[in-house]
Each structure stands twice: as structure tokens, then as C-alpha cells.
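Beneath this line is the structure, given in C-alpha cells, with notes to follow.
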Amino acid sequence: MVGVPGKYKGCETCRRRRVKCDNMRPICRKCVSTGRSCEGYERQMIFITATPEDGGREPLRPAWDDLLFLSDKHSYYTTQIVSLQTKLAHVSRGVSSSIFSPPSYELPDFRPASSSGEFSVSGQCIVNIDSASEPKSGLCVFLYEPNNCSSSPPETSQWKGPHDYMNTVQAAGPQAFTLFPAHHFFSRTAWSLLTRKATHLAQRDWATTPWQYYPKSLIDRLFDILVQIPDLLERADATSHHVPTQDRQLKIQDLLTRCLYIDRQLNEWCAIAAQDPEDSHRHSYWISRSPQTQASMPFSETFAFINAATAVGFLYYWMGSLLLNRSILNLHRLFSQPAVDYNMYPPVLPVELNIDVSNYQRDGIFAANICCSLDFALNTSTQPDVLAGPLAVADMYFKGFQGGGQSQLETACPDGHVFQVEYASEAVKRGTCAVGVKGKDVVVLGCEKRSAMKLQDTRITPSKLGLLDNHVCLAFAGLNADARILVDKARIEAQSHRLTVEDPVTIEYITKYVAGVQQRYTQSGGVRPFGISTLIVGFDKGSEVPRLYQTEPSGIYSAWKANAIGRSSKTVREFLERNYKDDMDRDATVRLAIKSLLEVVQTGAKNIEIALMAPGKSIEMMPLEEIEAFVKSIEEEKQEEAAKKKTGRTPGTGTATILTRGPDDAE
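See below:
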């Protein structure tokens, strides 16, 4: 019979945790300060039916509960578990066997090692029970040393050498980890995730046998998912080095299917873990704005959790998701490479594998979440070594993974700005101006053409207007080298679409593809964004409606009636807003495009390039003579407007004109 009122007067939450309660009413202040939900002081009478097997004892607690309830004859001790990685050779023992001195704590080195051997560990478990205290308490310290640490001296005073304890977890078998203390420390996935090597913990018997007596907690279910990831990472790394053939595409397709399945499992776990199990209306973690942490951390906000085990669980969830999402993006990119033994056209993914890559470009968010959670986890966890794995992954991400490219911490600002995208936008502003204008049944692209040098051959100089397909044209502002690569990618995509679907691309489809490529280069370490903005125009098949789209270095795309990019684009855009009219004919549309360019081009027609597109026709490059005629007409119009503003009358009218008439001019 449980719940009978006795000497203990604490709240239900502290009673379950077996900690001293401050007995504040109506809710416990200790529960509030630790972020827990106080269950109050009421008692309920609960009857438990005993069985001959368990003798009516309470079931064992999950391994991630750092408080144990140990019994010694008729005495009971609330014992806290502490796990520390240390060099066992440096642990000194006094004359009495009950006194020892551990070395100073050092952060374990969890960097990926080149060794392919199985992870092994040596350890010592030390229990201290204070029978004189009331209530009686104890401390269980587990000291261990993995095989990736620096080698220890062959012999240690008063202690067995580490080699005597060296034995792989796998050799012991799952049956050896069904009881304390072995059960509490065998399930570790950080090493295999960092080394990207398959682990025996993914086998079925290792996922069931050790929990013969202990219930599985939510974090144990997470580890059941995470242990499947290292094998996929190892196979993905091996497949990426193969020659792109049909056989490799089949392997990539199988790996991508399994990776997406694991990703769905992780998302389902996160949806369950995000809710407080004791209160469905409360989240299991929230944003904490402590002024003490803000002063010492690069992130303005940190996370607080309902308990230490939940913090560890989410740290490993973000760690596994970061590594898995990077692998999914890499496999998706490798699959699009043409097979050399079949044809040179990119293959088409099955419908179930045709993912939106933007959903898997959240590694920056995962790394930031890890950093925002470490402060709470370090303050509450009794096993700080388990936090070294997520810390190592976040550290590798912010360093650009082995120094490749500029650090993401330097390019991503907490206020939302991405500095590399800002640099790319600045390159666009320094580029020559380009204008796009839609008419009733025509669309015009115009751009400023830089003056050619005296010895330069203008016939083979690349133009700022590029044809992607017979019905699609692109103009850009920014870095010419970046534009050449992006235009080539867009042309290949348009050709692949025509060969695969047997229809030309729509203007929106090719625009979305170009924007997707630009956005992809804002998320990966070791690369920089494309320093260009584009204007894409054309007509869809069987349609007479002109299309005009703009893409930006960040990957944003939008539709326009008229727009400008490049140098002084704001001035040109304001001019277009004042003068644009719907349903303009061909001449009016061309005239508006040229007139807007003359707002920033001071050298006349020779530095202006105009392209027109009409329904069912290919691109038409306007000859220089026609451009000069439009420029001359526009300049005359400007002179008339200037004279009208100066005298208040148009040229050829007024008293001065009447006085200069000759006799033959009279009617």
C-alpha cells in the first residue's frame, strides 16, 4: 500500500525524486526553481499487487535517472550516479582502500579518430554510502577511460593496469549489461556517430536484451534510432567515391530511402519529446533569457529543459539530425550526376524520393540549438562526458568541417543576417544595371554594356543577356564568372527537362531552379553564395502572357511587371513605377526600357543592349541603329521638356515666334 500519510511532508514531485522539499504552499519553490511542475501535497492511496517473482518491489528505474534507491539489509540510501571520463593511471589511492584522489577533470577528446577498431573502455565503479546522514544518502562514481585517449603507463600503483580492463563491449555480449552498473553505461552512440562507423548496438539483440529488467525511457528510444545512422553514414561515404554508374545510382537510391525513413523516425520522436509527459499543455523545453548567460555566450537566448535527461536527449537529436541531413543532401546531389555507362543526362528520382532540399538545410539551426542547450545541460547533468559528442559536432560545423570555407559562426549573425549573402548582394549593387519590362504581348530585357577596350574583340566577349532555351532569356547583374556557371546549370536543366518530359520548361520552373541553386550555396560550408541577381523572361508554351521573374543571391524569386537590378537599381525602379502602364505595345515597351536605362547610362546607345521576346518566337536582339533611333527620340523629348520647364511654353510658340515670321508665313 503506497501513499499512506507518514512522516514525509514534502510535495509529490520532491517525494518521487527523493530530494528534500522546502514545503512551501501552495507549490514547492524548489520545483519552480528547477523548472518542474509541482504536483502538490495531497496523498492518494494506491494498491500494488505483489507477485512471487518480484516480491512486491518497485520496478527498476530507467538508466538515465541519476538517482538510485539502494537497500542494505533494513537501510535505504538515495544514491546519485556520477559518470566521469578520466585517465585511470593518474587516479591515486591512499593507504586505506576507502580513500582515493581522482585527477583534475579534462574535457574528453571526441574528435573523429582514424582508427577503425571497435570502441573499448576500461573503468572503475566506486560507491560511497553515508550512513550517518539523515536521510541516508550515497554517491556512485563511475570512472572510465576509452581506448582513444592517450596511452597510460603500463603499471599503476595500487590499481590494476588499464589493459586488464580493456575488452570490447561487443565481446561481453548483451546479457552482460542487464544489471547495474554495466547497464547504465554501455549505450553510447557519440563515438560511432563521430567516426561514422557502424556499431553493434544497432543489432536487434543489443536493442532488447539489456532492457530485460529496466524500462526503456524516451532517450533510450532515441538511441535505438541513432545507432542506425553510423552505418548509413559509412556506406554513404564509401558510395560517394565510386564512379557515377547505374549501379551507384541504385545504391544511392537505397541509401536515400533508408535515410529518409530514419529522418521521419527522428521527427516523430521529437514531436513526442517536445511535450511534457506530466502536462500535455506544457513544452519540455523553453527559451531562457538569463542575463548571466547572455553576457558570456554568443547567443542571446538559451534553452531550459524540464530535466537533465531531456536536455541530453534533445542534444543528441539535434546532433544526429545535423549529420543525417548533411548526408541526405549529399546523396541527393550525387544521384543527380549522369551515369557514364548509360547516358550523360541526369537521372530522375522516384516520386517518394523527390524531396524539397530546403527542408534538409537546417544544419545551422541544429548547431545553434546545441550551443543554446549546453549551458543548462552542463549545470544539471551528472554525466558531462556524454555532452562532448554534440559539442564536437557543433564545433566542427562552426569551423566549416575541417576548415573548409569561412566559418559559419562568422557568416551567421544572431539577428538573422547572413553576412555572406550580404556580401553577394553588395556585389550585385556594384554590377551594371539590367532592366526588364512587360508589355501587352512582348517582354523586353535591357542592360548596360560596359565600354570595350581598344584591343578587345567584342565579337566573343560574353553578353549579359543569355538564352536558356528558345523561349527563355536571362539577364544578370553582378559577378560575370558566377553568372557563367549559373547560366550553364540552368541551360542543362532546361535541356534535361525537354528530353525527359518532352516539353519545354515553364518560366516559373526554370526560375525556381535558378533560385534553388542560389539558395543551396548559402547553406553549405566551404562555398559562398552566387554574387548575382537575375531577371528571367519568356513565354510559356501555348501562352501569350509575358513572364518576368527576378532571383536574388539569397534564393528568393518573385514575379514583376517591370524591375531593375544592379547599379542604381533603386533610381531606375522608381522611374519605372512612375512611367509604367499596362497593355503597352512593342514600341512603347522598348521605349520605356531604354528610357529607364538612360537614367544611369550616360554614354548613349552604344552602351545599351536590348533583347525582345514575343509569343512563339525566339529572342530578338535589337540592332544598334534601332536603339540609336529610340535614344535620339528620347533625347529630343527631354530637350522639349527642359525647354518647356525653362520658358513655360513649348518650342515654336509664343510672341517671339510671331515676331520672327516672314511675309510668306502670313495666311
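At the far end of the sequence shown sits residue 667, using the UniProt record's numbering, and the numbering has no gaps.
C-beta atoms are modelled at their ideal positions from N, C-alpha and C, and glycine is treated no differently.
| Asked | Found |
| --- | --- |
| Specify the secondary structure class of Lys-561 as computed by DSSP and reduced to three states. | coil |
| What is the DSSP secondary structure of residue 686, reduced to helix, strand or coil? | The chain is shown from 1 up to 667; residue 686 falls before or after that span and cannot be answered. |
| Can you tell me whether Glu-609 is buried or exposed, with buried defined as 16 or more other CB within 10 angstroms of its CB? | buried |
| Is it true that the region 349–362 meets the region 61–69, where meeting means three or more beta-carbon pairs spaced less than 8 Å apart? | no |
| What do you get for Gln-249, buried or exposed, if any count of 16 or more other CB atoms within 10 angstroms of its CB means buried? | buried |
| Thinking Gly-313 and Leu-218 are a contact (beta carbons under 8 Å), I'd like their distance in whole angstroms, please. | 6 Å |
| For Glu-493, collect the residues of the same chain with a Cβ closer than 6 Å to its Cβ; drop the 5 residues on either side in sequence, then sort them by chain order. | Tyr-513 |
| Measure how close the beta-carbons of Ala-377 and Leu-387 come, nearest whole angstrom, since I'm counting them as under 8 Å. | 5 Å |
| Using the Cα positions of Ala-614 and Ile-225, report the straight-line distance between them to the nearest angstrom. | 56 Å |
| Can you tell me whether Cys-28 is helix, strand or coil according to DSSP? | coil |
| For Thr-506, list the residues DSSP reports as bridge partners. | Its beta-bridge partners do not exist; DSSP assigns none. |
| My parser needs the alpha helix (DSSP H) runs of 4 or more residues fully inside the region 452–513; what are they? | 480–501 |
| Within 10 angstroms of the Cβ of Ala-629, are there 16 or more other Cβ atoms? Answer buried if so, exposed if not. | exposed |
| If Thr-302 and Cys-372 are in contact, beta carbons under 8 Å, what's the gap, nearest whole angstrom? | 5 Å |
| Output needed for Asn-369: all residues of its chain with C-beta closer than 8 Å, excluding positions within five of it in sequence on either side, in chain order. | Phe-303, Phe-314 and Trp-318 |
| Hey, out of Ala-198, Arg-204, Tyr-214 and Lys-197, whose CA is closest to Ala-182's CA? | Tyr-214 |
| Does the beta-carbon distance from Lys-595 to Asn-579 come in below 9 Å? | yes |
| Would you report the Cα separation of Ser-83 and Leu-68, rounded to the nearest angstrom? | 14 Å |
| Tell me the DSSP secondary structure of His-242 in three-state form. | coil |
| When the Cα atoms are used, what is the spatial distance from Gly-439 to Val-501? | 30 Å |
| One question on the structure: do residue 674 and Val-421 come within less than 9 Å of each other, judged by their Cβ atoms? | In the structure as shown, the chain begins at 1 and stops at 667. Residue 674 is therefore absent and cannot be evaluated. |
| Can you list, in chain order, the residues of its chain whose CB lies under 7 Å from that of Leu-597, leaving out five sequence neighbours each side? | Cys-433, Val-435, Gly-446, Glu-448 and Ile-608 |
| May I ask you to list the residues that DSSP assigns as paired with Gln-275? | His-283 |
| Output yes if chain D places a C-beta closer than 9 Å to the C-beta of His-200; else output no. | The structure shown contains no chain D; it holds only a single protein chain. |
| With which residues is Glu-620 paired in a DSSP beta bridge? | Leu-612 |
| Leaving aside the five residues before and after Asp-22 along the sequence, list all residues of the same chain whose C-beta is less than 8 Å from its C-beta, in chain order. | Cys-28, Arg-29 and Lys-30 |
| If you compare alpha carbons, which of Leu-201, Leu-139 and Pro-135 is closest to Ile-126? | Leu-139 |
| Where DSSP assigns a beta bridge to Glu-145, which residues make up the other side? | Ser-122 |
| Give the range of the alpha helix (DSSP H) segment to which Val-537 is assigned. | From DSSP, Val-537 is part of no alpha helix (DSSP H) but of the beta strand (DSSP E) over 532–539. |
| Give the secondary structure of Asp-546 by DSSP, where H, G and I count as helix, E and B as strand, and everything else as coil. | Reading off the sequence shown, one finds Pro at residue 546, where the question assumed Asp. Here Pro-546 sits in strand by DSSP. |
| Label Ala-172 either buried or exposed according to how many other C-beta atoms from any shown protein chain fall within 10 Å of its C-beta, with 16 as the threshold for buried. | exposed |
| Nearest CA to the CA of Lys-197: which residue from Leu-143, Asp-237 and Lys-646? | Asp-237 |
| At which residue ranges does the region 315–352 contain complete alpha helix (DSSP H) runs of 4 or more residues, listed in the order of the chain? | none |
| Identify the continuous beta strand (DSSP E) that holds Gln-85 and give its terminal residues. | 75–85 |
| Please report the residue range of the alpha helix (DSSP H) in which Lys-595 lies. | 586–597 |
| Per the DSSP calculation, Ala-304 is bridged to which residue(s)? | Trp-286 |
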